[in-house]
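FYI, the numbering for the sequence shown is 1 to 423, going by full-length UniProt numbering.
The C-beta atom is built at its ideal place from N, Cα and C for all residues, glycine as well.
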Amino acid sequence: MILKFNFDNFYGLYTKQLRKFYEIKQIEMANALHVSRSALSKMESNSQEMDAALFDSVLSFIKTIDSNFVFLKDPSILKEYDKWVRDCAYHFVHLTAENILGPLKEFVERTNPHSFAFFHHQLLAVYVAKFENRKCEEEVTQLYEGNFFEDPFYQAVLNDFMGMRPSLSDGRSLDEAIQYLRSAQNYCSMAFDPGLSGLILYHQIYRFVNGSRTIEAYEIIERCENALQRAGAYRRMLYVALNKGILFIQMHLYPKAIATFEELLRSSQQINEPDFIQTIYDNLAWCCFLQDQDEKALRYARLARKAGSRFPDIYIVLAFSSYRLKRQSDCLGFISMYLKKTQGSPREKFIASFLQLLRFHLTGNSRFDKKQHQIEQQLQNFKSVQLEIPFYTLLIQHYSEQGRSDCVIAYQAKLIHYLKFDF
């Protein structure tokens, strides 16, 4: 690592960080160093090198502003920092943050960041934030845009972080996220780290799954599993399996999805993450529900609620499975339970509309037709909810009880079309 360290590049990039920290204007720094503002700007942007003598002048100038400022010139510390960074990457891949977080925080807090390992120190601080599930997008972006690290391993790490920024989570930013992750994968091929490679592939799968780009996600599942298998990252492999199950749902291969999730339940003791268990129960409940396995669907839905699930669709399962099992009291109870909650998101409000429609059907409320029309107008905007099966089933039952055979035939046709072409 020390042999690859570019001191001339470091001098200019670090000078820029010092200026920002001490709020020094560029012209003020340039005058103190007896160089033009243009020359200093080029040095700070890495388009012109700064030599060691000029860097010493920078440190002397900072000392006049802060008498307590100390810069550690020993380059041997880079080896220790490099080991910390690689250990962090290992534990990030293996989901074993608990084994490193305490010592890592202590190291970051006690060491002077002002040294040749300044940017390594910042990267370790990002890992602390990630291990503690704290926001660090701004810090990640600054490190990436700082353009200091040249080593393929570090470039792989930073591009992976950039691709997983929360601000790129919406569908419109998916291509940008994937571009960073593919760059990370290219760098990783030069770093020869199967664990990091598996993590980056997993993050691509995660992005594709959330963007409903099912085929692209499925095409790299095996590569991801093989890389993580070689690295012995068995905890992370469980998350890959979770995403594989979600992919099966998107591909409407529900028996395969159920088998995947039930196998995950048997392995879940390896992960002490409540959200992981909740997600399995949520998906099992929904899959069983769509397969008309109402008793199993209810059992998993209740387990999901007990585990603290925040998945609003669970109440469709609880209410409609109870309805299909002719447990009207339970059904109305679950509907009331959900409608008493605050529905903040459009998805939650859409689900509330369907549950109101179900209650109107059970109670003979005259507002049924108006609510039905409202849902039909919104149905296309909420394809991800997969409400078509319970919605059309309810309408067929409702109009059958009213003896309106024309409506029954119409909605039977819609249900058959959905099952044949969209399910």
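In this structure, how does DSSP classify residue i when only helix, strand and coil are distinguished?
i           : result
S169        : coil
L95         : coil
S366        : coil
S405        : helix
L253        : coil
L379        : helix
S268        : helix
Y325        : The residue asked about is misnamed: residue 325 is Leu in this sequence, not Tyr. It is coil, neither helix nor strand.
L72         : strand
S57         : helix
S115        : strand
G344        : coil
Q278        : helix
R134        : coil
H417        : helix
V35         : coil
F149        : coil
E80         : helix
I2          : Any reading at I2 must be qualified, since the residue scores a pLDDT of 42, below 50, and its modelled position is unreliable; the value itself is stated next. Three-state DSSP puts I2 in a helix.
residue 504 : Any question about residue 504 goes unanswered here, given that the chain covers just 1 to 423.
Q48         : coil
Q386        : coil
D66         : coil
K349        : helix
K25         : coil
Q291        : coil
Among the residues of its own chain, which have a CB less than 8 Å from the CB of residue i, if the five just before and after it don't count?
i    : result
L33  : L40, L54, S57, V58 and F61
E137 : R165, P166 and S167
I335 : Y315, A319, L355, Q356, L358 and R359
L13  : E44, N46, F119, G146, N147 and F148
R235 : H94, L95, T96, Q270 and I271
Y411 : Y392, L395, I396 and Y399
Using C-beta distances below 7 Å, list every residue in its chain close to residue i, excluding the 5 sequence neighbours before and after it, in chain order.
i    : result
C88  : I100, L104, L124 and Y127
K414 : Y392
F153 : A191 and D193
Y90  : G195
I27  : R37
Y187 : P152, Q155, A156 and N159
C224 : G198, L201, Y202, I205 and V240
V408 : I396, Y399 and S400
A233 : V93, H94, G195 and G198
Assign residue i to one of two classes, buried (16 or more other C-beta atoms within 10 Å of its C-beta) or exposed (fewer than that).
i           : result
A304        : buried
S38         : exposed
Y202        : buried
S321        : buried
M237        : buried
T64         : exposed
T260        : buried
N133        : exposed
R230        : exposed
N68         : exposed
Y22         : exposed
residue 476 : Beyond the ends of the chain as shown, which are 1 and 423, falls residue 476; an answer cannot be given.
G163        : buried
L3          : In this prediction, L3 scores a pLDDT of 44, lower than 50, which makes its location untrustworthy; the coordinate-derived value is nonetheless stated afterwards. L3 should be labelled exposed.
V85         : buried
I215        : exposed
T15         : buried
K135        : exposed
D294        : buried
Ends of the alpha helix (DSSP H) at residue i?
i    : result
I205 : P194 to N210
A233 : No alpha helix (DSSP H) holds A233; DSSP gives it neither H nor E.
E219 : T214 to E219
Q185 : L174 to A191
M162 : P152 to G163
K16  : F7 to Y22
E106 : L101 to R110
Starting from the C-beta of residue i, find all residues in its chain whose C-beta is less than 6 Å away, skip the five residues before and the five after it, and write them out in chain order.
i    : result
H121 : P113
R404 : none
E388 : Y418
V317 : A285, F289, A297 and A301
A217 : I205, F208, V209 and L247
P312 : E348 and I351
C287 : Y254, A257 and I258
E273 : none
R19  : M29
Return the chain-ordered ranges of every beta strand (DSSP E) run that is complete within the region 294-342 and spans a minimum of 3 residues.
-> none
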